[in-house]
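Below is one structure, written out as structure tokens; comments come after it.
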Amino acid sequence: MHSFEVRGGKKLKGEIVPQGAKNEALQIISAVLLTPEKVTITNIPDIVDVNLLIELLGEMNVKIERPQRDTCIFQADDVDIDYLHSETFKKKSGKLRGSVMLAGPMLARYKKAFIPKPGGDKIGRRRLDTHVIGFEKLGAAFNYHSEDGFFHLTTKKLQGVNMLLDEPSVTGTANIVMAASMASGTTTIYNAACEPYIQQLCAMLNRMGAKISGVGSNLLSIEGVDYLAGTAHRILPDMIEVGSFIGLAAMTQSDILIKGAGVDQLGIIPEKFRQLGIQLNIDGDDIHIPEQELYEIQRYFDGGVLTIYDHPWPGFTPDLLSIVLVTAIQAKGSVLIHQKMFESRLFFVDKLIDMGAQIILCDPHRAVVIGLEREQKLRGITMSSPDIRAGQALLIAALSAEGKSTIQNIEQIDRGYQYIDERLRKLGADIKRIEG
Ligand SMILES: CC(=O)N[C@H]1[C@@H](OP(=O)(O)OP(=O)(O)OC[C@H]2O[C@@H](n3ccc(=O)[nH]c3=O)[C@H](O)[C@@H]2O)O[C@H](CO)[C@@H](O)[C@@H]1O
Ligand SMILES: C=C(OP(=O)(O)O)C(=O)O
């Protein structure tokens, strides 16, 4: 288990470029299975989850060239379907959430698929019903094997259908879109997720020859086609990284320029940080966060305490709530953080409380942060990273704290943030990776 040793309390300064988006990469890389032709993907983040998915494809006999660290050329012209029965696949696919999205393309092209017991963050119950019910509506039969937690899916032919999703699941929508793109007839998906990740996937599939309309809305219409061709695709900047850097700058009173932030695709994210009182200057595709002595949390017009909560896109992504929470610690004022989607994502606040933060954990979904107004610094402590975003939030807390902090279990952070220690050092942070 590796850890980060951080000596906090330093102001940072400089430019940082966000990596390609993790959650988009997982969808886009799964989609290469839909065609026997070459698909070139650029701006791939060099992170554990994405590298593991690429490794899985390689083991399925997909040809992969990696001319640069951020570019892969995939060709799925001779896929070994039997690999999906192997113990190695079971073990590896269970390590990341993204592997569930191999099922949609497999079902579309090879008429059978397996949904592994999902990996990813242990942040609460993460059901797969939306995926399985969607496939069933398209004409797939499934069997759940309780001994290995796998869903086994088969179909003679996928047939377009109108469906209303139980919830706008992000990976569920991606899976169903990929399967429907090669079904017979037209599929409509209402209550579809519409995150930029999904919009990017649909744009890529359309370039491959799919016929998807309604992209960006919660009503997608997909006219099935027989064949999808190769294409090239560039992954957007990771909006969760962008939000994390905004929070980092505010908490550490730093002057940071986020270059190429993908401003047009950030939705409500900048506004939520502005509600915390953080000044953001948007210039073209860059975001400048100037050094700020104090930032004051807004109140509602009637004087009520601000609540920041997650909601399916275009609402605020749950993946940034831990970052917003940690950023509020040094603000002036109070905010209620309400994590509606996941029930185990807020428990890391006990570590922040140990560091000196004023937080009341009301229940597993809600926490009130009472800002310290920089009257008191957090204290460095030893802590362990429970999940990817809480890990990054703890790192931000450690960088703002007085003295030394040790963050253990940084494998969680490495799942989603590329060379984070190296990039933070370039901004002047005192952070060391301790191996073993
Ligand atoms: C690999 C990947 O892309 N992971 C993202 C994806 O996970 P993932 O696709 O697994 O998440 P889902 O969108 O399926 O939903 C996540 C959880 O939220 C619940 N839920 C969902 C929608 C809703 O309206 N109400 C509700 O309560 C679901 O029951 C589920 O427990 O989307 C999540 C929600 O944005 C993000 O946190 C994950 O980072
Ligand atoms: C929850 C996340 O990831 P995953 O779905 O891969 O666990 C995340 O990216 O914040």
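Going by our numbering, the first residue of the sequence shown is number 570, and it counts up by one from there.
We put the beta carbon where it would ideally sit given N, CA and C, even for glycine.
Residue i, buried or exposed, once every other Cβ within 10 Å from all chains shown has been counted against 16
i       : result
Thr657  : exposed
Gly703  : buried
Arg986  : Arg is not the amino acid found at residue 986; the sequence shown has Tyr there. Label assigned to Tyr986: buried.
Arg678  : buried
Gly793  : buried
Ala841  : In the sequence under discussion, the amino acid at residue 841 is Lys, which differs from the Ala named in the question. Buried, since its Cβ has 16 or more Cβ neighbours within 10 Å.
Leu826  : buried
Tyr713  : exposed
Asn620  : exposed
Phe870  : exposed
Tyr864  : buried
Leu996  : buried
Gln867  : exposed
Ile929  : exposed
Ile976  : buried
Leu788  : exposed
Ile856  : buried
Ile906  : buried
Gln945  : exposed
Leu889  : buried
Pro587  : buried
Ile1000 : buried
Proximity winner among the options, relative to residue i (alpha-carbon distances)
i      : options                           : result
Pro636 : His721, Val648 and Thr609         : Thr609
Val648 : Thr699, Lys681 and Ile1000        : Lys681
Gly829 : Glu810, Thr821 and Tyr988         : Glu810
Lys909 : Gln927, Ile929, Pro933 and Phe917 : Pro933
Pro859 : Leu817, Gly902 and Leu890         : Leu817
Ala970 : Gly949, Asp956 and Asn978         : Gly949
Lys726 : Ala967, Asp618, Ala749 and Leu626 : Ala749
Gly799 : Ala600, Gly853 and Ser782         : Ala600
Pro887 : Glu584, Asn592 and Lys780         : Asn592
Met872 : Val904, Gln899, Asn850 and Gln848 : Here residue 872 is Gly; the residue named in the question, Met, does not match the sequence. The residue with the shortest Cα to Cα distance from Gly872 is Val904.
Ala795 : Gln728, Leu894, Gln961 and Leu968 : The identity of residue 795 in the sequence shown is Asp, whereas the question assumes Ala. Ranking Gln728, Leu894, Gln961 and Leu968 by Cα distance to Asp795 puts Gln728 first.
Ala897 : Glu912, Trp882, Ile815 and Met952 : Ile815
Arg984 : Gly754, Leu622, Gln822 and Val893 : Leu622
beta-carbon residue i near ligand 2 non-hydrogen atom, thresh 7 Å
i      : result
Asp833 : no
Ile979 : no
Lys686 : no
Leu665 : yes
Gly985 : yes
Lys591 : yes
Ile856 : no
Ile613 : no
Arg958 : yes
Residue i: CB within 7 Å of a non-hydrogen atom of ligand 1
i      : result
Lys909 : yes
Tyr679 : no
Ser599 : no
Gly693 : yes
Ser974 : no
Ser738 : yes
Thr886 : yes
Arg696 : yes
Residue-level contact to chain B via CB, residue i, 8 Å cutoff
i      : result
Arg638 : Annotation note: the requested chain B is absent from the structure, which comprises a single protein chain.
Please specify which runs of the beta strand (DSSP E), each continuous and at least 3 residues long, are wholly inside the stretch 885 to 956, giving them in chain order. Taken in chain order, the complete beta strand (DSSP E) segments of 3 residues or longer contained in the stretch 885 to 956 are 903 to 907, 928 to 932, 935 to 939 and 951 to 953.
Mind listing, in chain order, the continuous alpha helix (DSSP H) runs of no fewer than 4 residues lying wholly within the stretch 572 to 642? DSSP assignment within the stretch 572 to 642 yields the following whole alpha helix (DSSP H) runs of 4 residues or more, N-terminal first: 591 to 599 and 617 to 628.
Just list the alpha helix (DSSP H) runs in the stretch 739 to 797, keeping only unbroken ones of 4 residues or longer that don't cross its boundaries, in chain order. Fully enclosed alpha helix (DSSP H) runs of no fewer than 4 residues occupy 739 to 749 and 765 to 777 of the stretch 739 to 797, in order along the chain.
Ranges of the beta strand (DSSP E) found wholly within the stretch 799 to 824, counting only runs of at least 3: Runs found: 800 to 803.
Those runs of the beta strand (DSSP E) which lie wholly inside the stretch 821 to 872 and span at least 3 residues: Secondary structure within the stretch 821 to 872: the beta strand (DSSP E) runs of 3 or more consecutive residues, fully enclosed, are 824 to 827, 850 to 852 and 855 to 858 (chain order).
Entirely enclosed beta strand (DSSP E) segments - the stretch 962 to 986, minimum 3 residues: Along the stretch 962 to 986, the beta strand (DSSP E) occurs as fully enclosed runs of 3 or more residues at 973 to 977, listed in sequence order.
What ranges does the alpha helix (DSSP H) occupy inside the stretch 663 to 691, keeping only unbroken runs of at least 4 residues that lie completely in it? You should have 672 to 679.
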